[in-house]
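S.K.: Structure incoming, see below.
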Amino acid sequence: MFDAYRGKTVLVSGGSGFLGHHLIQILHDVEAKIINFSLQNTKPSDVSFFSGDVSNLDNVKRVLDHSVNLFGQPIDFVFHLAGQKSGPLSYEKPYETMQVNAVGTLNLLDSLKQRDQTRSISVISSASTKPLRNGSGKTNLYSPYNISKLMAELICESYYKSFQVPVACCRLHNIYGPGQSSESVIASILSQMKSGADLELGNLSPVRDFIYVEDAAKAILELALSGEFPGKLVEVGTGIGHSIAEVIELAKQLTKFQGEINVSSVNKRVGEEDIIVADLTQLRELINWKPEYNLNLGLQRMI
Numbered sequence: 001m002f003d004a005y006r007g008k009t010v011l012v013s014g015g016s017g018f019l020g021h022h023l024i025q026i027l028h029d030v031e032a033k034i035i036n037f038s039l040q041n042t043k044p045s046d047v048s049f050f051s052g053d054v055s056n057l058d059n060v061k062r063v064l065d066h067s068v069n070l071f072g073q074p075i076d077f078v079f080h081l082a083g084q085k086s087g088p089l090s091y092e093k094p095y096e097t098m099q100v101n102a103v104g105t106l107n108l109l110d111s112l113k114q115r116d117q118t119r120s121i122s123v124i125s126s127a128s129t130k131p132l133r134n135g136s137g138k139t140n141l142y143s144p145y146n147i148s149k150l151m152a153e154l155i156c157e158s159y160y161k162s163f164q165v166p167v168a169c170c171r172l173h174n175i176y177g178p179g180q181s182s183e184s185v186i187a188s189i190l191s192q193m194k195s196g197a198d199l200e201l202g203n204l205s206p207v208r209d210f211i212y213v214e215d216a217a218k219a220i221l222e223l224a225l226s227g228e229f230p231g232k233l234v235e236v237g238t239g240i241g242h243s244i245a246e247v248i249e250l251a252k253q254l255t256k257f258q259g260e261i262n263v264s265s266v267n268k269r270v271g272e273e274d275i276i277v278a279d280l281t282q283l284r285e286l287i288n289w290k291p292e293y294n295l296n297l298g299l300q301r302m303i
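Residue numbers for the sequence shown, in full-length UniProt numbering: 1 to 303.
Here you go:
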């Protein structure tokens, strides 16, 4: 499947992040010509790295010029993963969140519009925008993070319809896997359990769709190869929901955790949606894909 990327020029913004690292590794294995456009470099060391910030328009223009000069051919595929990914941090840094997530997307699409040679641009959005676009009317969901991601989706829609830029959005549900930051719920639970300390958590009832990072990377790469992908907003998940309480119970069995579980309102997130599970209708219309990892197997890979 991914041999189609062999010899193709691929720009990955945020390629040093959790998802970006896995996506680049798959591309590297099939000998794609990759440029990692990030604030800091990571392995594989033989992947071309360009240091920069997507919220800086000059940085974006320079990395696009650099890509053409380096490989002598236009960029075939763009995967825009760079962004400020923390909901709580967005309350502390709303301006920076909007700049990176919304303006960064605008900078990239507008710069690519002027070149008009890229086959597919994949922008990674968040499942947190789902209740906003579905018109739930819950204004307490309008965190700076959620709004910044919603703005990025709307910018993509505008550039596709107004300028025929071949962009699509992948609305990514809760990814998890080895090496993830402990800010994420599954990594936090496992980290606390493995330390032997009592578990300190907030609301255990929310249901989320947890997708293993390798599955997510493969789905995104496969979608970008579909000729029907541009202009779409595609949810990427497993289609199966698990409550936080279910995750804890499964993790307890795998880690043999014997400590206490303390639930505190201090750790609860304001305005949290009860259930967010991927609707895979659009994804299945575009590609023949299904996840390789269920939650049990994914957690085993993290322990």
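C-beta: ideal position from N, C-alpha, C; glycine also.
Grab me the residues of V167's own chain with a C-beta within less than 7 Å of its C-beta, minus the 5 sequence neighbours each way, in chain order.
M.R.: Here the set comprises L109, I121, V123, C156, Y159, Y160 and P230.
S.K.: How would you write the range of the alpha helix (DSSP H) that N107 sits in, first residue to last?
M.R.: Element bounds for N107: G104 to R115.
S.K.: Taking 7 Å as the threshold (C-beta atoms), are D274 and P206 in contact?
M.R.: Yes, the Cβ-Cβ distance between P206 and D274 is below 7 Å.
S.K.: Put V234 into one of helix, strand or coil per three-state DSSP.
M.R.: In this structure, V234 counts as strand in the three-state DSSP scheme.
S.K.: What three-state label does DSSP hand F77 in the structure shown?
M.R.: Three-state DSSP puts F77 in a strand.
S.K.: For a cutoff of 7 Å on Cβ pairs, would you count A102 as touching chain D?
M.R.: Protein chain content of the structure displayed is limited to a single chain, and chain D is not contained in it.
S.K.: DSSP on T255, reduced to helix/strand/coil?
M.R.: In the structure shown, T255 sits in a helix (DSSP, three-state: H, G or I).
S.K.: Is the separation between the beta-carbon of S45 and that of G15 shorter than 7 Å?
M.R.: Not in contact: S45 and G15 (Cβ atoms no closer than 7 Å).
S.K.: Assuming residue 359 and S143 form a contact by the criterion Cβ under 8 Å, report the distance between their Cβ atoms to the nearest whole angstrom.
M.R.: Here the chain covers residues 1 to 303 and nothing more, so residue 359 does not appear.
S.K.: Could you check if Q258 is buried or exposed, using at least 16 other CB atoms within 10 Å of its CB as the buried criterion?
M.R.: Classification of Q258: exposed, given that the 10 Å Cβ count is below 16.
S.K.: Taking the C-alpha atoms as reference points, what is the distance between T139 and D58?
M.R.: Confidence at T139 is low in this model, with a pLDDT of 47, below 50, so the placement of that residue should be treated as unreliable; the coordinate-derived value is given next. Answer to the nearest angstrom: the Cα atoms are 35 Å apart.
S.K.: Beta-carbon separation of E200 and N262 under 7 Å?
M.R.: Yes, Cβ-Cβ distance for E200 and N262 is below 7 Å.
S.K.: At what residues does the beta strand (DSSP E) containing A168 begin and finish?
M.R.: A168 -> beta strand (DSSP E) spans V167 to L172.
S.K.: Secondary structure at residue 306, three-state DSSP: helix, strand or coil?
M.R.: Because the chain in this structure spans residues 1 to 303, residue 306 falls outside the shown range and cannot be described.
S.K.: On a CA-only basis, which of H173, C169, D215 and K252 is nearest S195? Give me that one, please.
M.R.: Of the listed residues, the one whose Cα sits closest to S195 is K252.
S.K.: What's the C-alpha gap between I35 and V10?
M.R.: Between I35 and V10, the C-alpha separation is close to 6 Å.
S.K.: So, with DSSP's three-state summary, where would you put I35?
M.R.: I35 falls in the strand class under three-state DSSP.
S.K.: Kindly indicate which residue of R62, V30 and V60 has the alpha-carbon position closest to the one of V47.
M.R.: That would be V30, whose Cα lies nearest to the Cα of V47.
S.K.: What first and last residue would you give for the alpha helix (DSSP H) that runs through E183?
M.R.: Unbroken run through E183: none, as it is neither H nor E.
S.K.: Can you tell me whether N262 is helix, strand or coil according to DSSP?
M.R.: Strand.
S.K.: If we call anything under 7 Å between Cβ atoms a contact, is V236 one with C170?
M.R.: Cβ distance < 7 Å, so V236 and C170 count as in contact.
S.K.: Where do the N-terminal and C-terminal ends of the alpha helix (DSSP H) with Y160 fall, by residue?
M.R.: First-last of the alpha helix (DSSP H) with Y160: P144 to F163.
S.K.: Please look up how many angstroms separate the CB atoms of F2 and L221, rounded, as I've assumed it's under 8 Å.
M.R.: That belief holds up - the Cβ atoms of F2 and L221 are roughly 6 Å apart, short of 8 Å.
S.K.: Going by C-alpha distance, which of S264, A217, D279 and Y212 is nearest V299?
M.R.: Inspection of the sequence shows that residue 299 is occupied by Leu rather than by Val. Per the Cα distances, Y212.
S.K.: Which residue from F79, I175, E153 and K93 puts its Cα closest to that of D215?
M.R.: It is I175 whose Cα lies nearest to the Cα of D215.
S.K.: The beta strand (DSSP E) spanning L199 covers which residue range?
M.R.: Unbroken beta strand (DSSP E) run through L199: L199 to L201.
S.K.: Answer with buried or exposed for Y95, where buried requires no fewer than 16 other C-beta atoms within 10 angstroms of its C-beta.
M.R.: Exposed, since its Cβ has fewer than 16 Cβ neighbours within 10 Å.
S.K.: Would DSSP call F63 helix, strand or coil?
M.R.: The residue you asked about is not Phe; residue 63 is Val in the sequence shown. It is helical.
S.K.: Does DSSP classify I275 as helix, strand or coil?
M.R.: If DSSP states are grouped into helix, strand and coil, I275 belongs with the strands.
S.K.: Our contact map puts V103 next to S181 with C-beta atoms below 8 Å; I'd like the distance itself, whole angstroms only.
M.R.: No, V103 and S181 are not in contact; Cβ-Cβ is about 24 Å, not under 8 Å.
S.K.: Within 10 angstroms of its Cβ, does G20 collect 16 or more other Cβ (buried), or is it exposed?
M.R.: Buried.
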